[in-house]
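>
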Amino acid sequence: MKTHMRRMDPSFSEKALGYRSFSDFLKSRDDIAELEETGHERLVRLREPAA
Numbered sequence: 000m001k002t003h004m005r006r007m008d009p010s011f012s013e014k015a016l017g018y019r020s021f022s023d024f025l026k027s028r029d030d031i032a033e034l035e036e037t038g039h040e041r042l043v044r045l046r047e048p049a050a
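Structure (structure tokens):
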């Protein structure tokens, strides 16, 4: 997911936005993304836009 974001915007940095990690950034955006962590694996699901 982070790779895709960096492709869209090479200047993207979660640290510049005040987050310690990309996971922390995703957790703060739970209105648009769901993060499931199991050990070292992370699954990110984008939520459906509200109609």
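Sequential numbering from 0 applies to the sequence shown in numbering that gives the first Met the number 0. Glycine included, every Cβ here is placed at the ideal spot set by N, Cα and C.
Note the first and the last residue of the continuous alpha helix (DSSP H) segment covering Leu25.
Its alpha helix (DSSP H) spans residues Phe21 to Ser27.
> What are the boundary residues of the beta strand (DSSP E) that includes Arg5?
Careful: Arg5 lies outside any beta strand (DSSP E), inside the alpha helix (DSSP H) at Lys1 to Met7.
> Arg40 to Met0, Cα distance in whole Å?
Rather than Arg, the amino acid found at residue 40 in this sequence is Glu. C-alpha separation (whole angstroms): 13 Å.
> How big is the Cα-Cα spacing for Asp29 and Ala49?
Straight-line Cα distance between these residues: approximately 13 Å.
> I need the boundaries of the beta strand (DSSP E) containing Ala32, first residue and last residue.
Per DSSP, Ala32 belongs to the beta strand (DSSP E) from Ala32 to Thr37.
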